[in-house]
Structure formats: C-alpha cells, structure tokens
Amino acid sequence: MSLTNESQFMLMFRAQPCENPLEKRSAIQGKPFSGWAMIDSGASSIFINESIVRDFQLFKKKLDKPRRLKVIDGREIDSGRVEHYVTFNLKIFEHEEEVDAYVVNVGNHDLVLGMAWLKRHNPAIDWDKKSLVFSSRYCSENCLHASPIVKSGEPDLEIAATSELPTRYSEFSKIFTEEEISPLPPHRPYDCEITLKPDAVPRHGPIYSLGPREDEELRKTVTKQLEAGLIRPSKSPMASPVIFVKKKNGSLQMCIDYRKLNDMTVKNVYPLPRSNDLIEKLRGAKIFSKFDLKWGYNLVQIKEGDEWKTAFKTRYGLFEYLVMPFGLTNAPATFQHFMNDIFRDILDVYVIIYLDDILVFSKNEEDHEKHVREVLSRLQKHNLYCNLAKCFFSVKEIDYLGLIVSPEGIRVDPAKVVKAIDWSIPTKVVQVQEFVGFCNFYRTFIKDYSRIAAPLFNLTRKNHPWEWTEECATAFEQLKEALRSAPVLIIPDISKQFFLECDASDFATGAILSQFSEDDRLHPVAFLSKAMTPAERNYDIYHKELLAIVKALKEWRHLLEGTSLPVQIITDHKNLEPFKASKDLRGRLARGMNTDLWGGGESRALLDPALFIAAIEPDEVLDDRIRDAYFQDERISHIIEALQHSSKVKNWHWDDGLLMFKNKIYVPNDDSIRKDILASRHDNMAAGHPGQFRTLELVNWKYYWKSLKKTVTSYVSNCESCIRNKHSNQVPPGLLNPIELPLRPWDHINYDLITGLPESEGFDAILTVVDRMSRMVHFIPTTSKATAVDVANLFVTYVWKLHGLPSKTISDRGPQFNSAFLKQLYKRLDIKPSLSTAFRPQTDGLAERLNQVVEIYLRHYVAYKQDDWVGILPMAEFAYNNSVNSSTNQTPFYACYGFHPRFSVGAQLDESVPHANERADQLKL
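Residue 646 in our numbering is what sits at position 646 of the sequence shown, and the numbering runs on without skipping anything.
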C-alpha cells in the first residue's frame, strides 16, 4: 500500500453510511454526509480521513491483520499501521456505488480515491475543464444513473435545471418562451422614471474603439433590438458610450456606460431586501422551486418622455431605449418595486424575491404545487417570462443568492469553495482586497473571521508597505480551509431557545448563535466576528468580554427580541455571570432582558460607559429607518410627490435620501423611530437625563417633527429614572446679591468638594470646578482627605493646562480652600479668592447647584453597590457641558469653544478597511 500527494485532482462527493444491524444508532449515525475527494494516482486504494469517521460515527470494521501504509520514499506514515475500514455508498453526481475505505489520517483531505478505484472505473480526466467522464462498461452497468460527466467542484445537489416543463404546469408554457429577445412590454405604473437634478446639463460621451468581436456583437445586438422595438433612432442631446463585458460562457454582452447620466439622476430610494432577511424566511421549508426571469430589466418600459435620456452612440448611429436597460442607477429599485407589488400578499409567506430571482418554498408537495401555480399565473398575467434552462421545480436543495439552501439549513456553494481553493497567492493590494471581499460574503460561516483575516486587513491599509509575511500566508490558507470546512447553518426559529456563545481576544470579538435542531444537537445559526477599534483594544479583558456580548446582542437583536424563551449567554469569563442584557437592545443595557448568562465567579453589578456608548443606536442607522418610513407617512405624501417632480417646496428639500425641513431631518410619523431618537438624546450617558428644555434642544439640533415639544415634554415627564432620582429645587424668592461678572471664559471659577461618596477605585470625593461665564465644568475624582497641596495639583493637572490661570476663585471655607498654602499661592499668582460665609451656601450657589446635578446624574447610572462612579464621571461631565444652560441659552461647550461636539456614535464600518475605522475612532465621541 502507498499514499502520495502527486497528481492530485479535487471533486465533491456525497456519502450514505451503511448501517450496522448489531448496533443501536445515535442521532447522527446513518445521516448522509458530503466532503472533498482527492483523485490520487499515487495512492494504492481508497482512504477516508479518521476525523470523518469520528465526526459522523461511521461503523468501523477491524482488518484481519493491520496493514502497513508507506509514503513515496518508503517510510511508514506517522499515524502507524492501518487497522480499520468502513463501508459506505459513495455518490459523485449520478455516479454511485458501495465502497470500502481504509481509515487513516490523510491530512486536510476527507477522502482519497487511489489507483484501485481508478483502474476499476477508468475515468477520463480533462485537466483543463476539471471534469471526469465515466464511460467504462463497468460504470454504465453498475454505477451510472444519468449523465456520465462529473465536473470537479460541482456539488452533489439533488437538483438539476430542467430542459422540459413538467406536464402539470403545461398550461403556463407561454411563460417559458425560447425567443432570444424580449417583446416590447406594455406601459405600466412601474415604468422607469429618470428625473434629472435641477442643475443637470445634458452631456454626451465618446465612442470607444472596439475590436472585431465587439464590433460584430454590437451590430447584431443593435439590429435585433431595433427589430424587436426595444430601441429606436434618437435625436437626443445626451449620449452615453457603449462597452462590452464577458459572460460566464465567454460570449460578449453589450452594456451602456451610464455613469454621467447616473450622476445627474435623482435617486430612487426604494429598498432592496437584505439577503440574510430573505433566507430567514425559509424556516421549515422542505421543497423549493426557483424561477429566473428572462430579459430582466427589459420587461419594464422607460416612462414616456424620458426615453431620450437613455440615448447611446455607436458607429451605426444614435439610439435610445424604450425599455429599461442595465446600468441605470434606479433600475434595481424600480424592478424590485414592480416585483414586490405583483407578489405583495404572498411575499415571505411562500415566495421570496430578489430582483429577477424568484424562490417558491413549501413544507410539503401538495402545498408546493398550489404555490407554484399561483406564482406562474401571476407571471403570465403580467407578461413576464422565464428562462427554462435556469428554472428548478420541486427540489430539496437549491442555490439561491450564492448559498445552498436545504431543509437542513444553508451552506456555502461548493462551486464558490473551489474558486477560493484555486485562488492564487496575491502579489498586490488589489488582489488581497478581492480575496477579502470574496470571503466577507461568507463571513457568517467562519468562526473568528476577523481574528483570522487581521493580517490581510492590515495589508490593505492606506500607506501600509506591501509585505507578504508568513502571517499573511497563514491567514490566506486558514480562510481557504475555513471555507472548505464551513458548517451547515440552520435557519433560526424564534419559537426555540437561542444560545449565544461569546468570546474576545486582544483585537477582535466573536460570537456563535446556536439552536437545537431536530436531531437534538446544538447547531450554529450564524457566526459573528468584529475587529475592535483602537480604543476598544485598550479595554481590560473583563470589558472586552462584555463588549463581545453587546456586539452580539446588537447584531442579532431582530431575532432575540422576537423570542419568548430566555436567551442563554455562554461565556468563559466568570465575572460576567450577573450581567443582564437589555431587552431593548437599541436603548440602555440597564433594562432587564429575559436573558440567562452562563459563567461563574463572584456576583457583581456592572454598568460601563463604553458599553453605554456601544448600545446607542448610531444616527446612521436611525437615518436609514427614517428613509424607509417616509413613504408610509401620508401626511407628507404631497410634499414628496412635489419634490420628486422637481418642484420647489418652501423650507423642504431632499438631502441624501432624507427629507429636510429648514435644514433639519424631518422624522415621519413612526412612534418607534421617535422614541429611539428621544432615548438617544435623554436616556443614554452622553445626554445624562437632562430636563425638558435641554432634551428639546438636543433633539432640535438635528431632527424635526410636528408637536416635537409636546412629545419631548411627555417623554421626559414620564421618565421613570428621572421621577425616581430627581427632586424639586424650588425655594421661596428672596433678595439677590449678584456676583461680579467675568470678562472672559475661565476668568472666574467656582470650586467645591463633594464628599461622603462610596469608595470607587480608591476615591471617595469629587472636586467640581465650574467656569462662571460659560458654565463649563470639570468633575475630578479625589479623596475626602485631600489637602490644599492636593487641590493645587489637581487644578494644574485638570484645569490650568486647558484654560490658564483665573483672576478670581469662589469656594467654601473648607481647609482645602482656606489654608496658608493656598493664600500664599493665590497672592503670588495674583488670584483673588472669595470664600463663602459659614453655613450660607447661597454665596456659592452655582457650585452647590452643580453638586446636586452631578449627584442626580450618578444616581441614574451607578451600579447597586455604587462603587463604579469614577468610570462614569467623564460621561457626566460631557452630558453637562453639552446641555443648554438657561442662563446663557447656549451649551457650555459652545460658549467656550464656538462649536458643538459630535454627539452620536457612528455606524460600524467594514472591517476590511481598518484604516477608515481607526480614523473614525479618532473623531468619535
């Protein structure tokens, strides 16, 4: 026996274990499995990896006597002698047989088909096309059930595109026309409208030089489209050039370069569905049919009067389209709107649609035929046609949106895996970007994706020198292997319990969302991996572990909020055991969620500023929700309609898909969106539960809706935390003794010391410093035993370096502020101190009021032991300085610096561009 790595050839296989009648089967025994087989003429027999045998619990039979297994140089393999073999049905596309395979460690390969197998079947190998042809008599009589051709990398799916329409659907034969070019469709309400921006000037592009093949294809395409009535001669002042792209089969496709036209077109913001949202609708489906619309966009006409804008120039003349061509910026939105309206009442019930790909799914054959007939009848009614060669009827597995979908779940398309495995080592940055972009699509299948791909991310950074290191090569190969061995992900079921396993490394967080499947085993639903920002990398391990939980809860909020069962969080960090995640994952983490956490260790409550920031819904996300909600708000339909027809409406305009009223974003009549905006400007740490006036100011900086003030008043007055932690400050009116006004910011300051606080990080007091002019504050943690020297040092460290020396200070008569040391220091620095009268806090009323504010703020957010307030002080300081002061009618920040700070948290950027994330983190709050 021998085994080498020479003359290798890879292909997909599927296997069905043979049962052992003497052994009781477990849940996984007897289940079919699939993997990669290596054709190796240097191997003497058939070998199966011992890991496959172990994972699928295949029944091992003992050999009469152990066999020696040698490699090419005559040495025995490291794993020793071969002692067992297994029997199973091997299926390679339609080629099926029962085989015996020796159990051995064959490295990264699942199965090795050696010389004995090759001699028996004598397949012809086309190395260029990567295909096998089984034509021997033995195969014809014993193994083949259909086509003898097997292509390397093709999945063993139980599907095949049909060449004939099933007889039960023969009445719909009109839909599956064999015509090469579409007829002119009728005008519909969904005709593609091309609205130009007000300042748009018609432009015409050049005629590109064409090769002989391109010129011949151009002539044929223009002739066919003229004869079919899809285009017509034009006298348009606008003209776009023609380009050609290669199809998968090598033929050429004529396209129009509409980039200049698209730049001046008002964008249609009708949304395209997210692929993962569509896949989640397939839960419980057992049978599928797929329909590929023929001619795609050409099934929709251009709106009458807009045809001239589609004009394109060729050596044969100037022409314009009557139907929607590929390349228009609004074509996808227009077509998706058209398809959604046709199938609106059955969307997500038993049909999902992404542009021209229609997937029908059902739980049984009887229902499926009814569902397919309903879909075909609607296609026929609306004169839509399908490409029969790309349609699939009543199959158990289907390729949809780049994934293989089956009753067991979803998996990576093996054809895409072959592409990844055959990917050459990159030699420049753009090739790395292409590979990372390819892997990004399948990142939900790859555990610890960000950690594995980190060296490749670093290589794509701007100004990063090109150096293909050993770490890069390892990451490259690990991603290939991760795709090759990617698991089947089950489709989430919100009626079952979710299990969330979270972990964090030095520079990335990871999570696995799982559920029990029908085999009573825990299966993954999805993997999540996020690279940490530079700021997050500075967290201690405790906070990194908790950050992993927060990111996972936010990523899968749409699933976890819908379940009635506790979400069990599994973590290997004991200190996180008592943490309870938020049920409203867009709001504060402090609200209780129906969540269990598995871990261990001493119980401790936790509220962390970084996690509060992470829990704020980014304004970019809110803005996306606002865009989607505009067309459900009937109150503004007339405004939208007028603006879409280029009419000017006073005080209203569009800006990046957002409807602006007096340069503020108009928020449509959607209670959930408005509530989340109010929560972001009132509840979170960066706001600090301000009063009605200050909350209104924070909202009004960016957003507007009718009765905004009334909504804010109602929200704040009913805030449970405010009711519990705030009390009235009203006192009877008395005589005023005004204090001298300062001439500039930080010229006059107030000091005070808050003592008697629970110890936190070694501190039990807060030194408050406030500028009397701008009302800007600094909250400095200290101890109640601080001396005058300590106070002076704190002043230099936290105040003087930022604002310089004041000319006057106001404080009480505490020993920290009234010592001989400070008196001499003030005299030398020409600072005039003013000390309050004993037992009369009115002298320093500003500081006394400030003390109440910071204490109220801390009560909102500290843990039940009240021992974590030091970490919250920076947020309290920001919240106060970013709130409008009733005395100045400005925020202290603006009064001091002349601009407003950025308030909200930016959306998470793609980790494949890490330098952008780093720059964003430098600019973040």
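The C-beta atom is built at its ideal place from N, Cα and C for all residues, glycine as well.
Practice problem: Compare the C-beta of Leu743 with all C-beta atoms of chain D and state if any pair is closer than 7 Å. | Solution: Absence of chain D from the displayed structure is noted, only one protein chain being present.
Quiz item: When the Cα of Asp493 is compared with those of Ala548, Asn440, Glu561, which residue comes out closest?
Solution: Here residue 493 corresponds to residue number 493 of the sequence shown, with the count starting at 1. Of Ala548, Asn440, Glu561, the residue nearest in Cα terms is Glu561.
Quiz item: Under the three-state reduction of DSSP, which class applies to Met773: helix, strand or coil?
Solution: Position 773 of the sequence shown holds residue 773. In the structure shown, Met773 sits in coil (DSSP, three-state: anything other than H, G, I, E or B).
Quiz item: Could you give the residue range of the alpha helix (DSSP H) that holds Asn89?
Solution: Position 89 of the sequence shown, counted from the start, is the residue given in the question as residue 89. Per DSSP, Asn89 belongs to no alpha helix (DSSP H); it is in the beta strand (DSSP E), 82–92.
Quiz prompt | Beta-carbon proximity of Tyr703 to Ile665, cut-off 7 Å | solution = Counting from 1 along the sequence shown, the entry for residue 703 is found at position 703. Counting from 1 along the sequence shown, the entry for residue 665 is found at position 665. Result yes, Cβ atoms of Tyr703 and Ile665 sit closer than 7 Å.
Quiz item: Within 10 angstroms of its Cβ, does Gln852 collect 16 or more other Cβ (buried), or is it exposed?
Solution: The sequence position of residue 852 within the sequence shown is 852, counting from 1. Gln852 should be labelled exposed.
Quiz prompt | Burial state of Gln301 (16 or more Cβ within 10 Å) | solution = Your numbering for residue 301 matches position 301 in the sequence shown. Looking at its Cβ environment, which holds 16 or more other Cβ atoms inside 10 Å, Gln301 is buried.
Self-check item: Where Phe291 sits in the DSSP three-state scheme
Solution: The residue you call residue 291 lines up with position 291 of the sequence shown. Phe291 sits in a strand when the DSSP states are folded into three classes.
Practice problem: Whole angstroms is fine: what's the gap from Phe343's alpha carbon to Thr310's? | Solution: Position 343 of the sequence shown, counting from 1, holds the residue named residue 343. Position 310 of the sequence shown, counting from 1, holds the residue named residue 310. So the alpha carbons of these two residues sit roughly 29 Å apart.
Exercise. Output the residue ranges of the alpha helix (DSSP H) runs that lie fully inside the region 317–390 and measure 4 residues or longer, sorted by chain position.
Key: 331–342, 365–381
Self-check item: Bounding residues of the beta strand (DSSP E) (the contiguous stretch that carries Glu972)
Solution: Beyond the ends of the chain as shown, which are 1 and 925, falls residue 972; an answer cannot be given.
Quiz prompt | Straight-line gap, Met264 to Pro202 (C-alpha atoms, nearest Å) | solution = The count along the sequence shown starts at 1 and reaches residue 264 at position 264. The count along the sequence shown starts at 1 and reaches residue 202 at position 202. If you take the alpha carbons of Met264 and Pro202, they lie about 9 Å apart.
Quiz prompt | Backbone CA spacing between Asp110 and Trp36 [nearest angstrom] | solution = Reading the sequence shown from its first residue, position 110 is the one you call residue 110. Reading the sequence shown from its first residue, position 36 is the one you call residue 36. Near 6 Å, if we compare the C-alpha coordinates of Trp36 and Asp110.
Quiz item: When the Cβ atoms of the region 312–328 are set against those of the region 216–224, are three or more pairs found closer than 8 Å?
Solution: yes
Quiz prompt | Collapsed DSSP secondary structure at Arg188 in the structure displayed | solution = On the sequence shown, residue 188 is found 188 positions in, with the first residue counted as 1. Per DSSP, reduced to three states, the secondary structure at Arg188 is coil, with no helix or strand assignment.
Practice problem: Pick helix, strand or coil for Val759, following the three-state DSSP scheme. | Solution: As a working mapping, residue 759 is identified with position 759 in the sequence shown. One point to set straight first is that residue 759 is Glu, not Val, in the sequence displayed. Correct three-state label for Glu759: coil.
Quiz item: Could you give the distance in angstroms between the alpha-carbon of His337 and the alpha-carbon of Asn330?
Solution: Counting from one through the sequence shown, the residue named residue 337 turns up at place 337. Counting from one through the sequence shown, the residue named residue 330 turns up at place 330. In a straight line, the C-alpha of His337 is about 11 Å away from that of Asn330.
Exercise. Rounded to whole angstroms, what's the CA-CA distance from Glu408 to Ile446? Just pull it up for me.
Key: Position 408 of the sequence shown, counting from 1, holds the residue named residue 408. Position 446 of the sequence shown, counting from 1, holds the residue named residue 446. Cα-Cα distance, rounded: 18 Å.
Quiz item: Within 10 angstroms of its Cβ, does Asp413 collect 16 or more other Cβ (buried), or is it exposed?
Solution: As a working mapping, residue 413 is identified with position 413 in the sequence shown. Answer is buried; the Cβ neighbour count reaches 16.
Quiz item: Would Arg926 be called buried (16 or more neighbouring beta carbons within 10 Å of its own) or exposed?
Solution: Missing from the structure shown is residue 926; the chain here goes from 1 to 925 and no further.
Quiz item: Going by the beta-carbon positions, is the gap between Pro241 and Gly205 smaller than 7 Å?
Solution: Within the sequence shown, the letter at position 241 stands for residue 241. Within the sequence shown, the letter at position 205 stands for residue 205. Closer than 7 Å, so yes.
Quiz item: For the candidate residues Phe441, Ile410, Ile48, whose alpha-carbon lies nearest to that of Val86?
Solution: For the purposes of this step, residue 86 is taken as the residue at position 86 of the sequence shown. Comparing alpha-carbon positions, the option among Phe441, Ile410, Ile48 lying closest to Val86 turns out to be Ile48.
Quiz item: Going along the chain, which residues of its own chain have a beta-carbon closer than 8 Å to the beta-carbon of Ile207, five neighbours each way excluded?
Solution: Residue mapping note: residue 207 aligns to position 207 of the sequence shown, counting from 1. Result list for Ile207: Pro241, Val242, Lys313, Thr314, Arg315, in chain order.
Practice problem: Please state if the CB of Leu272 and the CB of Phe361 are separated by a distance shorter than 7 Å. | Solution: As a working mapping, residue 361 is identified with position 361 in the sequence shown. As a working mapping, residue 272 is identified with position 272 in the sequence shown. Not closer than 7 Å, so no.
Quiz item: Could you give the distance in angstroms between the alpha-carbon of Pro426 and the alpha-carbon of Lys62?
Solution: The residue given as residue 426 occupies position 426 in the sequence shown. The residue given as residue 62 occupies position 62 in the sequence shown. So the two alpha carbons sit approximately 46 Å from each other.
Exercise. For Lys197, I'd like the list of residues in its chain whose CB is within less than 7 Å of its CB, leaving aside the five on either flank, ordered along the chain.
Key: The sequence position of residue 197 within the sequence shown is 197, counting from 1. Answer for Lys197: Met264, Val266, listed in chain order.
Exercise. Return helix, strand or coil for Leu272, following the three-state DSSP convention.
Key: Translated into the one-based positions of the sequence shown, residue 272 becomes position 272. Leu272: coil per DSSP, three-state reduction.
Quiz item: Can you tell which of Val550, Gln568, Ile549 has its C-alpha closest to the C-alpha of Ser514?
Solution: As a working note, residue 514 is residue 514 in the sequence shown. When only C-alpha atoms are compared, the closest one is Gln568.
Practice problem: Report the residue from Leu741, Asp506, Val488, Ser234 whose alpha carbon sits nearest the alpha carbon of Pro524. | Solution: Locating residue 524 in the sequence shown gives position 524, where the first residue counts as 1. Of Leu741, Asp506, Val488, Ser234, the residue nearest in Cα terms is Val488.
Self-check item: Rounded straight-line distance, which links the Cα of Glu320 to that of Ile549
Solution: Counting from one through the sequence shown, the residue named residue 549 turns up at place 549. Counting from one through the sequence shown, the residue named residue 320 turns up at place 320. Going from the Cα of Ile549 to the Cα of Glu320 covers about 55 Å.
Practice problem: Using the DSSP secondary-structure output, state which residues sit across from Asp64 in a beta bridge. | Solution: Against the sequence shown, residue 64 aligns to sequence position 64. Listed as beta-bridge partners of Asp64 by DSSP are no residues whatsoever.
Quiz item: Buried or exposed: which applies to Phe476, given that a residue is buried once 16 or more other Cβ atoms fall within 10 Å of its Cβ?
Solution: Taking the sequence shown and counting its residues from 1, the one referred to as residue 476 is at position 476. Buried.
Self-check item: Contact belief for Leu767 with Leu802 at Cβ below 8 Å, rounded distance in angstroms
Solution: As a first step, residue 767 must be located in the sequence shown, where it is residue number 767. As a first step, residue 802 must be located in the sequence shown, where it is residue number 802. A Cβ-Cβ separation of about 15 Å leaves Leu767 out of contact with Leu802 under the 8 Å criterion.
Practice problem: Would you check if the distance between the CB atom of Phe326 and the CB atom of Ile398 is smaller than 7 Å? | Solution: The sequence position of residue 326 within the sequence shown is 326, counting from 1. The sequence position of residue 398 within the sequence shown is 398, counting from 1. No; because the gap between Cβ atoms is not below 7 Å, this pair is not in contact.
Quiz item: If we count the other Cβ atoms within 10 Å of its Cβ and call it buried at 16 or more, is Leu299 buried or exposed?
Solution: For the purposes of this step, residue 299 is taken as the residue at position 299 of the sequence shown. It counts as buried.
Exercise. Report the option in Tyr539, Gln497, Lys480 whose CA atom is closest to the CA atom of Ser929.
Key: The chain is shown from 1 up to 925; residue 929 falls before or after that span and cannot be answered.
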